[in-house]
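Protein chains in written order, with this note's numbering: chain G, 1 to 335; chain X, 1 to 335; chain H, 1 to 335; chain L, 1 to 335; chain U, 1 to 335; chain P, 1 to 335.
Where is the CB? At the ideal position from N, CA and C, for every residue including glycine.
The structure presented is a predicted model; accordingly, all values stated were derived computationally and were not measured.
The block underneath contains the structure these notes are about, expressed in structure tokens.
6 protein chains.
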Amino acid sequence: MSQITQPSDAHETTPAPLPWEERPAGSDAVVWRSQRNPIIPHDLIPSSNSIFNSAVVRYQGGFAGVFRCDDKRRVMQLHAGKSRDGLSWTIKNERIQWQPHDRKAAEINDFQYGYDPRVVWLEDRYVVTWCNGYHGPTIGVGYTHDFETFTQMENAFLPFNRNGVLFPRRIKGQYAMLSRPSDNGHTPFGDIYYSESPDLTHWGRHRFVMGATDGWQATKVGAGPIPIETDEGWLLIYHGVLTSCNGFVYSFGAALLDFEEPWKVRYRGEPYLLAPQAPYERTGDVPNVAFPCAALTDPASGRMAIYYGGADTVVCLAYAYVGEIVAFVKANSSV
Amino acid sequence: MSQITQPSDAHETTPAPLPWEERPAGSDAVVWRSQRNPIIPHDLIPSSNSIFNSAVVRYQGGFAGVFRCDDKRRVMQLHAGKSRDGLSWTIKNERIQWQPHDRKAAEINDFQYGYDPRVVWLEDRYVVTWCNGYHGPTIGVGYTHDFETFTQMENAFLPFNRNGVLFPRRIKGQYAMLSRPSDNGHTPFGDIYYSESPDLTHWGRHRFVMGATDGWQATKVGAGPIPIETDEGWLLIYHGVLTSCNGFVYSFGAALLDFEEPWKVRYRGEPYLLAPQAPYERTGDVPNVAFPCAALTDPASGRMAIYYGGADTVVCLAYAYVGEIVAFVKANSSV
Amino acid sequence: MSQITQPSDAHETTPAPLPWEERPAGSDAVVWRSQRNPIIPHDLIPSSNSIFNSAVVRYQGGFAGVFRCDDKRRVMQLHAGKSRDGLSWTIKNERIQWQPHDRKAAEINDFQYGYDPRVVWLEDRYVVTWCNGYHGPTIGVGYTHDFETFTQMENAFLPFNRNGVLFPRRIKGQYAMLSRPSDNGHTPFGDIYYSESPDLTHWGRHRFVMGATDGWQATKVGAGPIPIETDEGWLLIYHGVLTSCNGFVYSFGAALLDFEEPWKVRYRGEPYLLAPQAPYERTGDVPNVAFPCAALTDPASGRMAIYYGGADTVVCLAYAYVGEIVAFVKANSSV
Amino acid sequence: MSQITQPSDAHETTPAPLPWEERPAGSDAVVWRSQRNPIIPHDLIPSSNSIFNSAVVRYQGGFAGVFRCDDKRRVMQLHAGKSRDGLSWTIKNERIQWQPHDRKAAEINDFQYGYDPRVVWLEDRYVVTWCNGYHGPTIGVGYTHDFETFTQMENAFLPFNRNGVLFPRRIKGQYAMLSRPSDNGHTPFGDIYYSESPDLTHWGRHRFVMGATDGWQATKVGAGPIPIETDEGWLLIYHGVLTSCNGFVYSFGAALLDFEEPWKVRYRGEPYLLAPQAPYERTGDVPNVAFPCAALTDPASGRMAIYYGGADTVVCLAYAYVGEIVAFVKANSSV
Amino acid sequence: MSQITQPSDAHETTPAPLPWEERPAGSDAVVWRSQRNPIIPHDLIPSSNSIFNSAVVRYQGGFAGVFRCDDKRRVMQLHAGKSRDGLSWTIKNERIQWQPHDRKAAEINDFQYGYDPRVVWLEDRYVVTWCNGYHGPTIGVGYTHDFETFTQMENAFLPFNRNGVLFPRRIKGQYAMLSRPSDNGHTPFGDIYYSESPDLTHWGRHRFVMGATDGWQATKVGAGPIPIETDEGWLLIYHGVLTSCNGFVYSFGAALLDFEEPWKVRYRGEPYLLAPQAPYERTGDVPNVAFPCAALTDPASGRMAIYYGGADTVVCLAYAYVGEIVAFVKANSSV
Amino acid sequence: MSQITQPSDAHETTPAPLPWEERPAGSDAVVWRSQRNPIIPHDLIPSSNSIFNSAVVRYQGGFAGVFRCDDKRRVMQLHAGKSRDGLSWTIKNERIQWQPHDRKAAEINDFQYGYDPRVVWLEDRYVVTWCNGYHGPTIGVGYTHDFETFTQMENAFLPFNRNGVLFPRRIKGQYAMLSRPSDNGHTPFGDIYYSESPDLTHWGRHRFVMGATDGWQATKVGAGPIPIETDEGWLLIYHGVLTSCNGFVYSFGAALLDFEEPWKVRYRGEPYLLAPQAPYERTGDVPNVAFPCAALTDPASGRMAIYYGGADTVVCLAYAYVGEIVAFVKANSSV
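If you want it as structure tokens, here you go:
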């Protein structure tokens, strides 16, 4: 069975145990839902209309995260939160106030909106990427040491872009990011690209990674949680979108990317891992959405806990074994 | 706390008590739902596919109303109904047969469809406005004295228009109406305008009142119930539409319009008051719709009962205190 | 009361009894749902994401069928299944492998996708029609004797076409098919046409039958189950689509076609017979869909069991009396 | 031969002779072009990018007009002009500065843009209508006595509207206007309506007159010059639009409206009178446009001079005999 | 050099000489325009707005043809015409009145519109195919012996279809037709298919031939003149469409189809043969269109005269040597 | 009068004299056309369908350039060319074969298409930017020393982007580029952004410069020639697009950008400088296009020669005085 070779939170001296529930008896699903879903309701904090598509990491023996909390104007905001167990969360009612990293970054520091964050421990700090409003959506980049104060760097790319996801370490000396160029609306297309940077500010050497194909991923695809380093390559959980006559349906699946040249797809699972079928995925502010933004792993056991948004309304949790997903992707690969 | 200065049903000698339920314990919501929702099911009458977006008023010590009842062809119809308590309704199974007001009005009296009615006591009669099919949607105008016979006047405007809402009295000697120019489809835009008339037949002096902005009201806005006269100006409950990747979402909020020149917005609440989150608002013939068409008030207590359509399928009820809404709008105003 | 003059499964020596549940007490509905709905869940077989829009017939004293099973790639597949009682089904986990009828048919035998099948006993075999992917959707034609091996003939028409439905016998010596020319997407239009063939391979003498009108059938219409031969003409159950601001809504109704010249509509019921209002029709992979593909009848009693897809996710069952539907269509005809 | 019964410029004591050129030898055209076309070039005045779709009337023994002059920002403006002979024009380089009619009209007097004017002598002054920018296009109304100072009244209608054309006298005591409700873009639809007003400020009793049909007028239609009073009814020259795969094509034709109830179409010519075929109609800022805004007549001879825009770039002139047009419309009527 | 193996007008005992002009000095074009273009002006007959996209054949020592003449309503009509030299044409001012072939065909004989005809000598008569309006565009089929009386058969296909082009003889005993399934508007897609028929009434065994690719043929392709039989296969001249930001551009190129199985493309020329660059192709009712519908050949010399429409307005002529085109296609093939 | 402070071709020891023609007598235009237009015909080289939107620079006492030559497949290609006088050009018939700059660049060196080039002398070489096909349009970057061999570097940005224009020197030590993020089609939007790079490979610190406004630049804007350094800031000639009902119209105007922080617009001229009004701009492969890609200047005289594409078909030349443009922009600024 495939192994996690490098956990992304290896800096944690006493990593908190994963939230975990065993696979339901009789099921042979590779990914299964928490019985406690949704683990965060839409109105956990007074200011929120909905909380979903959020990113969590291990932090100081517990957990911390950056949460997409649409407020009651339905404006997209980012909020910080913490948890002892990864299930019960305390989220600040006030949104994150980004401090500019330097005088230049101050020029773009006027916050319009932010959504769909990802968080990764990168060298010496937690780096946050998100969809940041700057004359349209693009990839915001910032960091925090303590989930109390947050610093904003330059946007990684020109508009229009979404789903910027960093790798958890430099690759051949360069920082690396996946992203999905888009347009300024509900974008009926979208492929995953790879970009490199020496400094997290200037980006280049852009490469196409993989595009929309058919079925559940016929309209567009976008990277989900931070890629997980395994002995078979980078395990990428990603979302795919199908357009029915009644709109978009967001499911998620997985692929394995080359270790050294991650824009090369080694295996790509044809079936989805999880499609919106539970009531909290079927109905909500946007029906039929399951959108993963974070995954926590336990290297020893191979367990993985996937945090995903349900119906653009609530935060949900699903479980899997990394080794089983790797095996599933290899056995059902379109590549 | 702000006061209702002029109830729109002051002509009622013994006004019926409002339907009312107190705010749920522990809630700090400004508007809260009835526990009995939906108060009118989609199939209350044999001919109806759905009953929603309807208008009620106090009438002879009880209540009466004009109801949007889409029939089983899914053609939009208007039906009259009455109620002792505002909760249990008797709606006629046959649609309203409009009688022409005069020989001229007879020329446009061929009923194609009617929907989203509003009703207001105006001087000496109940005046009904609705979206009337005449080579496209426009604002129909008619009246009744008894909710048994109904008389149709001229359409107020050229097509295409929806959400025509009269003020409950003349302003500076002129009748006044809010409306939302639209197009002939599912109109992806829409602002609220103000028009004047000396005779309810000829309209002019059109003024822009307010437009779509962002968040829950990014796509279009339209007046809801008859404006309520308060010491802070006209309280306007209005719907707003957000376009998700899966379609329109209808919520409602409030604004305060100038007393003398109602096209001037004094305050406009940025957050919504109620968004579609209950099951009967989330699913139905059109998912994620909360659409208010009427509000009854009790001047003494400041209580308000808002009638709104749920998911274009059923009639629902929500409650609030007028003074609290006024305070909320002023405290959260974008103006 | 109108009679079924020629059951389409008269070849069955001991026809299985229909699945049947009486009309609920107090209801006056012409068509009513099974209390056991959905009778086939979305995950009856391991490979399926959903099972819906499927066709069943009587077969050797029981029942057999061809099922639309979208797999976990969300690719549309056809599977064979059998049942003792029409309610509990055994569906093969592997899709149907079509064998080419001859050397020519082998040229188009590369299966891309198949969906929305219909099945009819025609002279000496069960003929299957379905929406077949060949450079876009068109009408696939094949047959089986035993629901174990299936043979593919030529596609009936050029792309783009859907909802090809055969009549259960030759009419004036010619095979006859209804179909709905479409386009390659979610087709916002669609009328029903009639075509003739001497050999099930070459088709011509195409006639317009009926088009979209308004209300529940304003966007498009398509034939549903195999037409039923009655003393009033061919009873056609068909689906209609309404476009709300949140997408398509699929309901179904009925019409009576001329016996000799079935492209002439004798009566067409204005109201729908069933619209998506049950939870399993309201939510699912495509909300608000009720899509009929098969109907079984009992000539003696006039009972009919209609198999229809719910929300593009599950198989459902509804019941009616043929005579009552005929009477309803005649009493509520727009023709 | 049909007669002009009431010239619209009967107030002129010594009406200027019409510009006139005889029908080319060998031609049997009902309408023929001036050999001097375009009579006004796109850059007649320094500030203009283009001059087209303009309205002229007889004025003090000569001619005056209101001209659409798009400036070099390509913003649409209205300019006044005068001419001795109707062919050589002096147009002011500065746009018309509208003075508000009263304190109310001052509220809407902030000029955004104006285009496609019409001018008519109405009782005691020249009344101008145009497409006026007020939160979208609607019908501006103003007047002048001398083509030097211009006064703006209230907009006639709510947005969105274009092609507002007044009748040259009251009908049954009411002012009367044709207009074409539209949307805020390049409107792919459009029908002609009739509205009445007691005071040129409040409008009502709206009636559908005629809609788009097919061929050259398949997409939309709009009134052109001021209707001409003949013994067969009001002669209406109107434009029609056909949508080719390369955009809109504007031609013009004619109809005869009932004298007393002008929303009733007595005759409507199926063929166009003039389609864009000359080089100055085929190419320009908008290819393939012939758009009439004014017609001058000589009651004695029945001659008519039609001013129309060519390719949204220049002003052109065409000639006809009113009696011949009336005869043509009657002989080729679709009504 | 490749040879014409079977001229399509071999039945002509004394075939008229081709219209012909030599390649201009200095040019190395494979296809070159007539210096007399347009050879038929838009107003050759009194009733025509435009004459274009027309089909001609050799007939009784001269030439005859079926012409698309849009009338002055801009309704599409078919007219018959004759010529001594193929350059000067006499076209009837009245459209073709189709007589039904039999009682069945009479059911569809109500002429709505017809356009883009092709004509081929097939066995014993001239068979005409065209885009025929029957609840949308489809392929009309008819025949004539004398270009005086014309008989209409059944439409070949269900709507929506255009550019039906017959092969000039049976292939393996079956009639054969190319066509381009489309939709009901300006169809932004379109591929060429092959269909067979035993009787010109029933069609089947549909095969995909070739689709849109890129460049001048990126949007859609459609068969042009009747295929020409050469020793390298069927030479197919076809049009291709590119979508610029200002609409469709129609050019034409060529391919070679397999002799026995014409749905197999042997060679397909990547560059166009002729693109709209002459003034009469650049401007007109639809700018930038060159659309071929007929080609005459002289087997002895290999000369070819191609009739094509210019700008949807006029008929033009271009010349080539069949052998040179074949060589060009083979030398520049994308297959 | 404003001065050119730093000519972009100061490396030329004996700079060739500009092509030049004086302003026509009687004209007061700020920019005027060459009487020799188009200076390069569409078919200058055998392989070209059209030559337009091309970039020229001074080179070794004469001129050199990179030309957009769409070939006869209508595929977009880049060709090199040279000229003695800037008017008569020798363009290679074979397209530029890009050599990869390094092993990494070789990964993206598979040429799909290239168009709308710009060329600038940057430090020690001529750097070329263009719209490069890499899974959609993005900004290609390369260089040449001799216009014989060309080297390709990394694409500057992720797709989708067009109109990448480099500044002629580093600004505060960083390379600087303007570009216009777009989408993959005919993009109905587009603003100009500024990006920085330390190495021409990695780009960041993206800033919004200016967006579409109204009139001739209502739909989108994009940088044209290399910005010109003047004592009033960077003079930017840019194109703007207006969407008529018949498609896009491309004109050009000018703005002045801050010297140190070029994303700050100091002045922006509201009127256009040149709009498509000449025949070779009005008709061609894309009607109504004037698209500038290069400007040569003579610092001593202030003369400027602007190379622009006409109707996406030919290369044209216009003239101006830099000082006059600067004065015009300041006098007519919207900023």
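Next item on the list: Keeping to the same chain, check which residues put their C-beta closer than 7 Å to that of residue 21 of chain U; ignore five residues upstream and five downstream.
Entry: Sequence index remark: in the fifth sequence, residue 21 of chain U carries index 21 (1-based). Taken in chain order, the residues that qualify are 34, 35, 319.
Note to self: Once DSSP output is grouped into helix, strand and coil, what is the label at residue 77 of chain U?
What the structure shows: The count along the fifth sequence starts at 1 and reaches residue 77 of chain U at position 77. Strand at residue 77 of chain U.
Check: Are there three or more Cβ pairs, one per stretch, closer than 8 Å when the region 56-65 of chain X is compared with the region 95-115 of chain X?
Finding: no
Notebook entry, point to check: Helix, strand or coil: which one does DSSP assign to residue 12 of chain L?
Noted result: As a first step, residue 12 of chain L must be located in the fourth sequence, where it is residue number 12. In this structure, residue 12 of chain L counts as coil in the three-state DSSP scheme.
Note to self: Quick check: what's the CA-CA separation for residue 131 of chain H versus residue 209 of chain H?
What the structure shows: Here residue 131 of chain H is taken as the residue at index 131 of the third sequence, counted from 1. Here residue 209 of chain H is taken as the residue at index 209 of the third sequence, counted from 1. In a straight line, the C-alpha of residue 131 of chain H is about 20 Å away from that of residue 209 of chain H.
Notebook entry, point to check: Between the C-alpha atoms of residue 123 of chain G and residue 10 of chain P, what's the straight-line distance to the nearest angstrom?
Noted result: As a first step, residue 123 of chain G is located in the first sequence; it is residue number 123 there, counting from the start. As a first step, residue 10 of chain P is located in the sixth sequence; it is residue number 10 there, counting from the start. Cα to Cα, residue 123 of chain G sits roughly 46 Å from residue 10 of chain P.
Checklist line | Start and end residues, alpha helix (DSSP H) containing residue 330 of chain X | finding: Counting from one through the second sequence, the residue named residue 330 of chain X turns up at place 330. Residue 330 of chain X -> alpha helix (DSSP H) spans 322-331.
Notebook entry, point to check: Mind checking if residue 244 of chain G is an interface residue toward chain H, Cβ cutoff 7 Å exclusive?
Noted result: As a position in the first sequence, residue 244 of chain G is number 244, starting the count at 1. Taking Cβ atoms only, chain H reaches closer than 7 Å to residue 244 of chain G, which makes this a yes.
Next item on the list: Quick one: grab the DSSP three-state call for residue 104 of chain U.
Entry: Residue mapping note: residue 104 of chain U aligns to position 104 of the fifth sequence, counting from 1. In the structure shown, residue 104 of chain U sits in a helix (DSSP, three-state: H, G or I).
Next item on the list: Look up residue 7 of chain U in the DSSP assignment and say whether it is helix, strand or coil.
Entry: Working through the fifth sequence from its first residue, we reach residue 7 of chain U at position 7. Correct three-state label for residue 7 of chain U: coil.
Checklist line | C-alpha gap between residue 143 of chain X and residue 198 of chain L, whole angstroms | finding: Here residue 143 of chain X refers to the residue found at position 143 of the second sequence. Here residue 198 of chain L refers to the residue found at position 198 of the fourth sequence. Between residue 143 of chain X and residue 198 of chain L, the C-alpha separation is close to 23 Å.
Checklist line | Cβ-based neighbour list, residue 233 of chain L, same chain, cut-off 7 Å, excluding 5 preceding and 5 following | finding: Here the question's residue 233 of chain L lines up with position 233 in the fourth sequence. 256, 257, 258, 259, 266, listed in sequence order.
Margin query: My output table needs one value for residue 196 of chain P: the three-state DSSP class, helix, strand or coil.
Written below: Within the sixth sequence, numbered from 1, the residue matching residue 196 of chain P stands at position 196. Of the three classes helix, strand and coil, the one that applies to residue 196 of chain P here is strand, per DSSP.
Check: So, using beta-carbon positions, are residue 270 of chain L and residue 73 of chain U closer together than 7 Å?
Finding: One-based indexing of the fourth sequence puts residue 270 of chain L at position 270. One-based indexing of the fifth sequence puts residue 73 of chain U at position 73. Contact: yes.
Checklist line | Among G:38, G:315, G:45, the one whose alpha carbon lies nearest that of residue 27 of chain X | finding: If you number the second sequence from 1, residue 27 of chain X lands on position 27. Nearest of G:38, G:315, G:45 to residue 27 of chain X, Cα basis: G:45.
Next item on the list: Identify the contact partners of residue 186 of chain G in chain X, using a Cβ-Cβ distance below 7 Å as the criterion.
Entry: The count along the first sequence starts at 1 and reaches residue 186 of chain G at position 186. Residues of chain X passing the Cβ test: 245.
Next item on the list: Report the rounded CA-to-CA distance for residue 71 of chain X versus residue 187 of chain X, giving the unit in angstroms.
Entry: Start at 1 with the first residue of the second sequence, and residue 71 of chain X comes out as number 71. Start at 1 with the first residue of the second sequence, and residue 187 of chain X comes out as number 187. Spanning the two alpha carbons is a distance of roughly 23 Å.
Check: Does the beta-carbon distance from residue 79 of chain P to residue 92 of chain P come in below 7 Å?
Finding: Position 79 of the sixth sequence, counted from the first residue, corresponds to residue 79 of chain P. Position 92 of the sixth sequence, counted from the first residue, corresponds to residue 92 of chain P. Yes, they are a contact pair.
Next item on the list: Tell me, please, whether the CB atom of residue 219 of chain X is closer than 7 Å to any CB atom in chain G?
Entry: For this step, residue 219 of chain X is matched to residue 219 along the second sequence. Residue 219 of chain X does not count as touching chain G.
Margin query: On the criterion of 16 or more Cβ atoms from any shown chain inside 10 Å, does residue 94 of chain P qualify as buried, or is it exposed?
Written below: Stepping through the sixth sequence from its first residue, residue 94 of chain P is reached at position 94. Its Cβ having fewer than 16 others within 10 Å, residue 94 of chain P is exposed.
Next item on the list: Pair every Cβ in the region 49-58 of chain L with every Cβ in the region 293-311 of chain L, then say whether three or more of these pairs are closer than 8 Å.
Entry: yes
Notebook entry, point to check: For the beta strand (DSSP E) that contains residue 280 of chain H, what are its first and last residues?
Noted result: Translated into the one-based positions of the third sequence, residue 280 of chain H becomes position 280. Residue 280 of chain H -> not in any beta strand (DSSP E); alpha helix (DSSP H) instead, spanning 279-282.
Notebook entry, point to check: How is residue 152 of chain G classed by DSSP in three states: helix, strand or coil?
Noted result: Residue mapping note: residue 152 of chain G aligns to position 152 of the first sequence, counting from 1. DSSP places residue 152 of chain G in strand when its eight states are reduced to three.
Notebook entry, point to check: Considering residue 290 of chain H, what are the terminal residues of the beta strand (DSSP E) in which it resides?
Noted result: The residue given as residue 290 of chain H occupies position 290 in the third sequence. Here the beta strand (DSSP E) through residue 290 of chain H covers 290-298.
Notebook entry, point to check: How far does the beta strand (DSSP E) with residue 128 of chain U in it reach, from first residue to last?
Noted result: Counting from one through the fifth sequence, the residue named residue 128 of chain U turns up at place 128. Its beta strand (DSSP E) spans residues 125-133.
Margin query: Can you confirm whether residue 119 of chain P, when its beta carbon is compared against all beta carbons of chain U, has any partner nearer than 7 Å?
Written below: Numbered from 1 along the sixth sequence, position 119 holds the residue referred to as residue 119 of chain P. False, the Cβ-Cβ gap to chain U never drops below 7 Å.
Next item on the list: Measure the alpha-carbon distance for residue 292 of chain H versus residue 231 of chain U and round it to whole angstroms.
Entry: Counting from one through the third sequence, the residue named residue 292 of chain H turns up at place 292. Counting from one through the fifth sequence, the residue named residue 231 of chain U turns up at place 231. Each residue's alpha carbon lies about 53 Å from the other.
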